Amino acid sequence: MRERTKGDASSVSPVRLGSEAILRELGEVNRKLARGAERLAELTEEELAIATAPKDEVYRSDMVRLYRYRPVVERPASVPVLIVYALVGRYQMIDLEADRSFVRKLLGEGLDVYMVDWGLPTRAHRWLDIGDYVNGYLDDCVEVIRARHGLGAIDLLGICQGGVFSTCYAALHRQKLRNLVLAVTPLDFHGDSGRLEAGAGYMNLWARTLSGEDIDALVDAFGAIPGAMVGFSFLMMSPVGNLAKYTTELVDLLGDDRRLLNFLRMERWIADRPDHPGELVRQWFKDLYQANKLVRSELELDGRRVDLKNITLPVLNVFAEGDVVVPTACSRGVGDRFGTHDYTELAVPGGHIGTFVGGKAQKILAPAIARWIRERS
Amino acid sequence: MSPGEQAASLYGAWLNAIAGFYRAMTPGAPGVSEASAAGSGPSPEGLQPGVRPILDAIGVAQQAFNQLYVGYARLLGDAAAGKGVAAWLETGQAEMQKWLENLGELSQTAMRPVVDRGAGSGAAGGATEWLRAGVALWQSPQLWQSFLSAPGAMLDPRDSHPLVAGLERTFTALGDALGAAPSRALSEAYRELFRADADRRRAQLEYFLLIGRTWLRVNERVAARLREMGERDETVGTLMALVRLWTGVADEAVHEAMQSEEGLKVTAAYIRAAAQFRLQQNRVVEIVSQFYNVPTRRELDEAYREIHELKQRLRGLERRAGERPGANVDGGPES
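Those sequence lines, one after another, are chains A and B.
Take the first sequence: its letters are residues 1 to 377, numbered as in the numbering used here.
Take the second sequence: its letters are residues 1 to 335, numbered as in the numbering used here.
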């Protein structure tokens, strides 16, 4: 069927849909959905488990846990690397599935990997700010690793918000670190100003639109910002895309068991959003999103200025080419802000999360980081 | 709220949004059941954690697609009479325009009680008129009645008879004097809560208006995209392909709208109003808690703050004493 559009006699609609074909297609879609529902009911915990790389808890403080992943090579690197993930999601992202695990790749490269799990903050933790995380929990973890290995300095690998914590840590505790790796980390929070990328950086934009009083009201009203609220703000970054995800995309992947399991494991991670300590949110929004103090070396934690010029150790800054959460303009091109002469940038394909779980990025990211560290050992 | 409850609430809201989205895309659709979208049905036994919401999503998708396919099949039946996808798009534009006008008018009406605040009990545009006007305006009351039936609007003293206002003042004063209840404070807190609720609903309306206006652009762009494809002799051979084209176009348009100055403004206003509403809720709870001698949130927060500061001081003292955090779970050194 070809139909002429009203008002433009020369144009012809490309829609070729016949009633019979439509109903046949509907039958097919319904069969797929029914089969998918049956498959979901059969799934076992073993099939859906995430973060399965073997690890041991070596330290705990409040809700924070420090884990050491069991090395997979006989003689792992003598200097361990501590991975610092964000607070907005759980650490499981770095070990989502056995065949899409950033951690397993690092272990396979011969690194000795530790990871800090920030746990699930509650209302009791509403007063924690960035200083508490950087100078408190993170410093404790670094101290534990230094003591366990009898080392003066270790390597730090910060991801996203964890990258900001790691940057602050490197500026304030330079002597305890040997190398700093940052991945998908917002450093220049205003880097996207005037360089708006379609569909990217929505979080930056609306965070800058709020007034200081709005942020105070939000934090005072909730104490700890609910994880569901944080999750919703991520959904709103691509509302229609996220609607399609649970319908058209779901239909597509229901017939493919491998893709379905990937999807479900990712959903399990997405649904597990921790609450966010209120004071940290206040500081994050006002000092970083709004005042952009980190890259200007104006941020103060516990009365000490975070001067990026103090970061004289080697820095590897990894950014994702398709990152819409942290626009690349907020991550890259900040080498001159650090005190180091050994600054490297690495672009990897994929988005903010795809960097760690995407097929292409998986082949590049861990080997590149391991190589960069080895070259500085 | 536990992480599980948080996830359930997030999925519930989102699946309901999906139902609405597909309803808007379907010609003459009866509508997807929101109750099933919210995942309120019985949970099949033996499901692994996190699977239930996806099963709900399948249910929503099934309903959405059924109505969508049937709607288009009917539409094609009409094609012989000179209608079709393009004609439906035009009809959809007109209906959406009408919807927006109604919603805009509703938003203006809803604004009136606040504009008239302080104008006395005889002020025009009171809660009753607001309710009546709103119900008359909106053709699908299920969704929008929630905006209009704010209990606070009806209890708002701006709309009450002077006698009622006088009685209220007298008895709250008496209640306070006899120590029966924190009547005045509670009454005032409730009023502020209702005002905050009305503000929040208005902010929500403004937000939906923006989405509605964006949807108009989506229809226009889908029509334009189809024309371009036709000119290039490209085809859309399945309804799923048409849906994908539609969602792709909608995604672009929504991104533009949300990143626009107006989009950011209404989003900020909504966040602001939601936070103020929550603060007023907290205030009511605090007054009641104090009356019943239950620790208030503010008191608990202060206790948490003190514990937090003591921990910070302890950490500082330990650092100064040269103590390192111990390997308090597994002390085995690796060196």
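Glycine is no exception: its CB is placed at the ideal position from the N, C-alpha and C atoms.
Since the model is a prediction, treat every value here as computed from it, not as a measurement.
Measuring only between beta-carbons, confirm whether residue 142/A sits less than 7 Å from chain B. no
Over what stretch of residues does the alpha helix (DSSP H) that includes residue 46/A continue unbroken? 45 to 48
Output the distance between the C-alpha atoms of residue 193/B and residue 270/B, rounded to the nearest integer angstrom. 16 Å
Indicate whether the contact test is met: 3 or more Cβ pairs, each with one atom in the segment 71 to 88 of chain A and one in the segment 145 to 156 of chain A, closer than 8 Å. yes
Option nearest residue 280/B by Cα separation, candidates 227/B, 291/B and 191/B: 191/B
Against chain B, with Cβ distances strictly below 7 Å, would residue 177/A count as a contact? no
Residue-level contact to chain B via CB, residue 420/A, 7 Å cutoff: The question about residue 420/A has no answer, for chain A in this structure spans 1 to 377.
Compare the beta carbon distance of residue 361/A and residue 350/A with 7 Å and say whether it is the shorter of the two. yes
Based on the DSSP output, what are the partners of residue 343/A in its beta bridges? 315/A
Quick one: what's got a C-beta closer than 8 Å to residue 223/A's C-beta in the same chain, skipping five residues either side? 123, 126 and 278
Is the Cβ-Cβ distance between residue 82/A and residue 182/A less than 7 Å? no
Can you name the residues of chain B whose CB is closer than 8 Å to the CB of residue 327/A? Here the premise fails: no neighbours, minimum Cβ distance about 12 Å.
Continuous beta strand (DSSP E) stretch holding residue 61/A: start and end: 55 to 61
Using three-state DSSP, classify residue 194/A as helix, strand or coil. coil
Using a Cβ cut-off of 7 Å (strictly closer), state whether residue 295/B contacts chain A. no
Put residue 147/A into one of helix, strand or coil per three-state DSSP. helix
Kindly indicate which three-state DSSP category residue 237/A falls into: helix, strand or coil? coil
Rounded distance between the beta-carbons of residue 291/A and residue 191/A, thought under 8 Å: Residue 191/A to residue 291/A, Cβ: 14 Å. No contact.
Please report the straight-line C-alpha distance between residue 275/A and residue 57/A, rounded to a whole angstrom. 22 Å
How is the beta strand (DSSP E) around residue 292/B delimited, first residue to last? Segment: none, residue 292/B is in no beta strand (DSSP E) and carries neither H nor E.
Could you please give the first and the last residue of the uninterrupted alpha helix (DSSP H) stretch that includes residue 158/A? Taken as a continuous stretch (DSSP letters only), residue 158/A belongs to no alpha helix (DSSP H), being part of the beta strand (DSSP E) at 154 to 159.
Can you have a look at residue 73/A and say buried or exposed, based on whether 16 or more other CB atoms are within 10 angstroms of its CB? exposed
I need the boundaries of the beta strand (DSSP E) containing residue 182/A, first residue and last residue. 177 to 183
Mapping the DSSP letters down to three states, classify residue 378/A as helix, strand or coil. Residue 378/A lies beyond the range of chain A shown here (1 to 377); nothing can be said about it.
Below-7 Å beta-carbon distance, residue 275/B vs any chain A residue: yes
Cβ neighbours of residue 161/A in the same chain (closer than 7 Å, five flanking residues each side left out): 86, 87 and 88
Does the separation of the CB atoms of residue 368/A and residue 111/A fall below 7 Å? no
Please tell me whether residue 224/B has its Cβ less than 7 Å away from any Cβ of chain A. no
Looking only at C-alpha atoms, which of 176/A, 128/A and 348/A sits nearest to residue 146/A? 176/A
On a Cα-Cα basis, can you pick out the residue from 252/B, 306/B and 276/B that is closest to residue 214/B? 252/B
Thinking C-beta only, is residue 315/A closer than 7 Å to residue 343/A? yes
Consult DSSP for residue 77/A and reduce its assignment to one of helix, strand or coil. coil
Bridge partner(s) assigned by DSSP for residue 117/A: 65/A
Quick one: is residue 39/B near chain A, going by C-beta distance under 7 Å? With a pLDDT of 42 at residue 39/B, under the threshold of 50, the predicted position of this residue should be treated as unreliable, though the coordinate-derived value follows. False, the Cβ-Cβ gap to chain A never drops below 7 Å.
Using only CA atoms, which one of 48/B, 15/B, 210/B and 59/B lies nearest to residue 265/B? 210/B
Tell me which residues share the same chain as residue 67/A and place their Cβ nearer than 6 Å to its Cβ, disregarding the 5 neighbours each side in the sequence. 55, 57 and 115
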